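Inspection log for the structure reproduced underneath, given as structure tokens.
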Amino acid sequence: MTFDTEHMDLPSDAPWDEKPGESHVAQGDIDTIPEREITQEDLSRTADDETNWLLFGGAYENQRHTPAEHITPDNVDQLELEWRIDLAPPQALEPNPSHEFQGSPLVVDGDPPIMYTTVGADQLYALNARTGEKLWEHYYEPAVGYSEDAPPAERGPAVYGDTVYKSTLDLGVLAVDRYTGETEWYYNGAAAYRGEVAEDLIHEELQWERERGSTSSFPPLIYDGTLLKGSFGGEFGVSGFFDAIDLEGNPQWRFNMTPSEEWVGESWRHGGGTAWASAAIEPESGTVIVPSANPGPWYGTVRPGYNPFTCGKVGIDIESGEYQWHYQDSPHDWWDYDSPSPPIVFREEADGEETRFAAWPGKTGWVYTVNMETGQLHQRSEEYVQHVNTFSLPPYDDIDSAEWMMPHLTGGTNPQPSSFDPNTRTMVVKGANEPMALSWYEEEYEAGERYMGMDIVGGEPPEDIEEPDEPTLNAEEVAEDEDPHLEAEVDEGNGDDADTADDGESTNGEDGDASGRPAYPPEWNGAIGVIAGIDPYTGDVKWQEWYDWSNYHPRGGSFTTPTGLAFAGTPNGVMAAYDVESGDRLAEFEVGDHGVDGAPISWVDPHEEKQYIAMPAGGGHHTDVELGTTLAVFSLEI
Amino acid sequence: MAYGTAPEERYSYGEVSDEDRREFLKALGVVAGGVAGATLHDLRGEVASGAAGGLAEMGEAVRAGLTGTLDGALLAEELTGLEGSFELLPQLASMGVPEQGASAYQELTTPAWAINDHLAEVGFFASAEENLPAFTPDHIEETTRQLLHIEELPATLAEVGFAEGERTALVTNIVNSREQLSWWMKTPDYPPAEAVEDGVVHEFVAPLHRRAAEGALLWIDGLDHFLWQNEVLVTDEMIDRGLWDVKSMLGGYYLLGSAARDLASGEIPDEQLSALITGSAAIAIIGQEFLRNDVVHIDDRMRAPREVSHP
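Protein chains in written order, with the working numbering: chain D, 129 to 766; chain C, 24 to 334.
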């Protein structure tokens with residue numbers, strides 16, 4: 129099997145530069161924005177420059193590791209709230225609490241520093257990073273429309289020169305003047321599909337109402353004059369692609385994420401394998417490492433074989449667009465165990481030689497670490513979430529017979545970006561730990577319609593268990609008792625039901641549901657999710673902070689410091705500071721009355737003599753807590 | 024665990040247990056007496072040939088439905104090549120995990136790909152799907168009865184190195200994995216195409232027997248890369264089991280190619296043609312489903328112990 133590169137045709141007569149949607153721009157005090165031309169060197173050096181955060185992952189290697197050393201374990205509790213705003217919506221939209229953060233802002237250094245950030249759907253903002261003042265907003269009204277109830281999440285912009293770039297729900301890229309918010313150009317990524325020119329501006333097979341869960345925005349990534357951009361729509365039967373365009377919006381190459389020679393017949397054409405989550409770049413070799421999504425349809429009998437390059441990572445040479453390597457977390461997937469979590473790149477000595485590795489947590493609940501040069505697996509970590517009946521096939525059209533399995537299709541780790549501390553070699557990973565039962569059924573494909581083919585049920589604790597007072601569980605509690613909170617609560621509140629709960633049976637005297645399946649698998653520890661510290665080289669799980677079933681699982685990202693700290697949002701409305709090596713929670717800071725689902729960043733403002741932390745916080749749409757699009761910034765005088 | 028999702032409970036790796044043999048016979052309506060002997064001949068003695076359930080008419084229709092002419096010489100030549108692939112299997116067992124860039128597994132399938140391309144070209148797969156039922160319980164039962172009563176079957180399988188127990192396992196696995204087989208449908212039986220412009224789905228989904236056959240080849244081809252890439256997870260047991268799955272798939276392909284060769288020369292009864300197409304596709308499907316289970320989807324219970332090396 130050769131895994132040759134397959135580039136899709138880019139017909140010159142396609143409307144690549146035509147914008148199908150409409151832009152709404154509103155301006156405030158734009159004169160505040162200092163002129164600052166961002167160069168390639170600035171992007172390459174941002175990991176070493178404490179005054180800015182110019183790339184999604186804090187560097188091409190995605191380590192989310194600030195070089196700023198001012199916040200330490202000794203003074204972390206002195207961080208103060210600098211400002212907090214509810215960012216969305218833009219003026220052109222009615223208030224809608226469903227919009228949310230899942231991304232990461234950028235900060236361009238200057239006096240004042242300027243923050244650029246996105247919110248779903250297709251909203252881009254420029255803020256004074258010192259005050260939170262909105263300087264301009266650019267709302268792109270996508271031609272495809274989107275669900276008001278569950279608008280798609282945004283993952284962030286890119287900056288270069290005097291321009292800020294964002295991907296759009298129309299599968300395009302919008303280039304915007306950083307100082308005014310006005311459109312410079314638009315790249316229409318839907319102008320052609322599989323080499324076929326769109327009859328209108330958007331190819332009909334790429335047209336459906338966008339919604340959260342099936343649609344997302346890949347944060348553009350700029351490297352050496354090339355802007356890299358992904359695709360989405362695996363649940364709508366598309367074949368994934370990955371684009372390179374130049375910085376004037378002209379297409380350069382389009383990489384086919386479902387190489388036709390490795391799929392039976394024409395099944396690749398609806399094979400999924402989209403690239404909707406953020407990539408990393410290994411600068412030495414000029415390789416972009418692209419996360420890939422699930423194959424379509426979800427049931428595998430129409431697409432025998434490994435279904436490359438789905439559910440894993442693909443290394444592509446940026447200059448040529450040539451295939452380098454790929455790794456699949458779940459070849460021939462049936463469970464939606466795709467691999468959206470952004471990879472990190474790190475160096476370590478292996479067999480006496482300095483070696484470059486890419487590492488990422490999968491929805492499968494392990495961290496995969498591969499050799500960057502070859503793509504060979506160096507290590508798969510210990511499990512950081514639980515595994516029950518993992519990889520067992522879902523039955524056909526018979527959800528009642530489906531057994532519990534773990535991880536859930538939300539992970540392990542979904543698009544949550546990890547961070548890495550090179551000093552302690554600790555990767556900070558967030559994960560879900562929920563049971564699910566699946567059954568598949570055939571589903572017809574129709575352009576623009578959902579193409580999933582699965583019935584899904586989730587496991588839940590019995591209704592009569594009271595929520596515990598303390599939402600988190602530490603590793604010792606979990607280690608001491610396989611089922612600590614479930615059993616403890618049943619013991620206290622329900623007397624004789626304790627044994628049945630321990631066995632995973634329903635505590636209400638009846639089966640969990642009509643299937644006869646218990647309410648949850650007996651192996652489940654009762655935790656809904658986890659934040660973990662993992663050594664990606666050895667695969668050791670160093671620490672775990674479990675979240676009880678009364679929470680939603682931790683989403684969003686984290687960042688680390690050279691002083692041994694990690695900062696991460698939690699489902700409980702707070703940002704927590706951890707000792708990155710031990711996982712001890714050293715401090716916590718109230719952000720909002722909702723989940724903290726964004727990825728935090730940090731920068732230093734030398735004019736103010738402060739180190740700042742920005743924590744985007746939204747989401748909570750899966751919980752009973754308030755929704756919101758809060759952006760909170762904390763600071764410490766230096 | 025639902026039966027279809029845990030078929031390994033009744034799957035035989037080259038040796039059929041008494042329980043699996045009893046389950047096989049029970050599915051074919053043989054419930055009296057003790058456990059039959061372990062050979063295909065023994066099972067044949069227990070299982071009546073039945074009325075062949077229209078297999079002859081189906082086979083005739085498959086033959087009539089070809090859109091091109093089968094090239095008997097090409098098929099015979101490639102089958103000879105495929106016989107050579109079986110001889111390579113012991114080397115793969117001793118090789119273990121392939122080196123980077125190796126193609127030992129991929130080389131096994133070269134003759135089969137030539138057969139595959141030819142069969143696709145003459146409309147063999149399309150005609151098979153058009154004229155044969157999918158893996159319904161009745162069709163599996165009729166096919167299995169017919170397979171047991173094909174006089175030459177044991178010798179054909181023996182020619183390519185299937186020992187007596189392995190020959191039995193190939194056939195019993197068809198019946199004992201019938202629920203998983205039923206999940207593989209004829210392309211038109213997946214949702215109707217009326218609502219789809221230009222019949223998109225049915226054009227993009229290959230005919231059932233081609234999915235079975237070509238899928239098996241893709242799985243085998245990918246093993247060089249997969250085993251090398253995942254060396255830190257791979258165990259000897261996984262390789263051993265995988266080699267049985269590979270041998271099964273190649274065995275299925277050999278039966279398919281042999282049936283096509285005999286069809287080209289007009290030397291195969293129609294009922295045998297039907298049974299061999301269905302049976303070989305079933306063997307190819309079962310082999311790839313179990314390769315997935317045995318080698319590709321590796322959980323922590325299966326994986327090689329994690330070696331922790333600190334730099």
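Glycine is no exception: its CB is placed at the ideal position from the N, C-alpha and C atoms.
Just so it is clear, the structure is predicted and the values come from calculations on it, not from any experiment.
List the residues that DSSP assigns as beta-bridge partners of residue i.
| i | result |
| --- | --- |
| N499 of chain D | D:F485 |
| D214 of chain D | D:T758 |
| G697 of chain D | D:M703 |
| V236 of chain D | D:I242 |
| L183 of chain D | BP columns for L183 of chain D are empty, so no partner. |
| P657 of chain D | As written in the sequence, residue 657 of chain D is Gly, which differs from the Pro given in the question. DSSP output for G657 of chain D lists D:A560, D:Y675 as bridge partner(s). |
| R713 of chain D | D:Y706 |
| Q739 of chain D | D:V732, D:L764 |
| K262 of chain D | D:L255 |
| W207 of chain C | DSSP lists no partner for W207 of chain C. |
| L102 of chain C | L102 of chain C is not bridged to any residue. |
Would you mind telling me which residues of chain D sit closer than 8 angstroms to residue i, beta carbon to beta carbon, in chain order?
| i | result |
| --- | --- |
| D322 of chain C | H515, T518, F519 |
| D244 of chain C | M129 |
| W136 of chain C | What W136 of chain C touches in chain D: nothing, since even the nearest Cβ is about 11 angstroms away. |
| R33 of chain C | Correct list: empty, because the minimum Cβ distance to chain D is about 14 angstroms. |
| V319 of chain C | Y434, P459, H460 |
Within this structure, are the beta carbons of residue i and residue j separated by less than 7 angstroms?
| i | j | result |
| --- | --- | --- |
| D298 of chain D | A271 of chain D | yes |
| D663 of chain D | R484 of chain D | no |
| P162 of chain D | G238 of chain D | yes |
| V724 of chain D | T698 of chain D | yes |
| G302 of chain C | L170 of chain C | yes |
| V292 of chain D | E237 of chain C | no |
| P535 of chain D | S567 of chain D | no |
| P419 of chain D | P489 of chain D | no |
| L89 of chain D | A407 of chain D | The shown model of chain D, from 129 to 766, leaves out residue 89 of chain D, and the question about it has no answer. |
| V585 of chain D | A560 of chain D | no |
| F383 of chain D | F370 of chain D | yes |
| G377 of chain D | Y315 of chain D | yes |
| G95 of chain C | S288 of chain C | yes |
| T402 of chain D | G368 of chain D | yes |
| N422 of chain D | D461 of chain D | yes |
Since residue i meets chain C, which of its residues come closer than 8 angstroms, beta carbon to beta carbon?
| i | result |
| --- | --- |
| Q504 of chain D | Q123, W251, Q252, E254 |
| E327 of chain D | Ordered by position in chain C, no residue passes the 8 angstroms Cβ test against E327 of chain D, which lies about 12 angstroms from the chain. |
| E412 of chain D | Those within 8 angstroms of E412 of chain D in chain C number zero; the least Cβ separation is about 19 angstroms. |
| Q672 of chain D | None at all; the shortest Cβ gap to chain C is about 16 angstroms. |
| E511 of chain D | D323 |
| P508 of chain D | It should be noted that the sequence gives Arg, not Pro, for residue 508 of chain D. Chain C residues near R508 of chain D: V255, L256, R326, R329. |
Which chain D residues are close to residue i, counting only those with a beta carbon under 9 angstroms from its beta carbon?
| i | result |
| --- | --- |
| E237 of chain C | V392, G393, P432, G433 |
| H232 of chain C | Here the premise fails: no neighbours, minimum Cβ distance about 11 angstroms. |
Below 7 angstroms on C-beta distance, what does residue i contact in chain C?
| i | result |
| --- | --- |
| D668 of chain D | V331 |
Name, please, each residue of chain D whose Cβ falls closer than 7 angstroms to the Cβ of residue i.
| i | result |
| --- | --- |
| Q311 of chain C | P432 |
| V226 of chain C | One detail in the question is off: residue 226 of chain C reads as Glu in this sequence, not Val. Those are E394, listed as they occur along chain D. |
| R45 of chain C | Those within 7 angstroms of R45 of chain C in chain D number zero; the least Cβ separation is about 24 angstroms. |
| Q129 of chain C | M129 |
Can you find a CB in chain E that lies within less than 7 angstroms of the CB of residue i?
| i | result |
| --- | --- |
| A305 of chain C | In the structure shown, chain E does not exist; the protein chains are D and C. |
Return the chain-ordered ranges of every beta strand (DSSP E) run that is complete within the segment 297-331 of chain D and spans a minimum of 3 residues.
301-305, 311-315
Positions along the segment 366-397 of chain D whose CB lies within less than 7 angstroms of some CB in chain C:
E390, V392, G393, E394, S395, R397
If you measure beta-carbon to beta-carbon, which residues of the segment 449-468 of chain D are closer than 8 angstroms to chain C?
Y455, S458, P459, H460
Of the residues that make up the segment 170-203 of chain D, which ones have a beta carbon closer than 8 angstroms to any beta carbon in chain C?
none
Secondary structure, alpha helix (DSSP H): runs of 4+ residues fully inside the segment 231-298 of chain C:
231-244, 246-252, 259-287
Of the residues that make up the segment 467-491 of chain D, which ones have a beta carbon closer than 8 angstroms to any beta carbon in chain C?
E476, E477, A478
Residues within the segment 638-666 of chain D neighbouring chain C, beta-carbon criterion of under 8 angstroms
Y665, T666
Quick one: which residues of the segment 133-163 of chain C get their C-beta closer than 7 angstroms to a C-beta of chain D? List them in chain order.
none
Entirely enclosed beta strand (DSSP E) segments - the segment 428-473 of chain D, minimum 3 residues
440-445, 451-456
Against chain D: residues of the segment 265-284 of chain C by CB proximity under 7 angstroms:
none
Name the residues in the segment 521-538 of chain D whose C-beta lies less than 8 angstroms from a C-beta of chain C; which are they?
L521, P522, P523, Y524, D526, S529, A530, E531
Which ranges would you report for the beta strand (DSSP E) in the segment 511-554 of chain D if only whole runs of at least 3 residues count?
547-549
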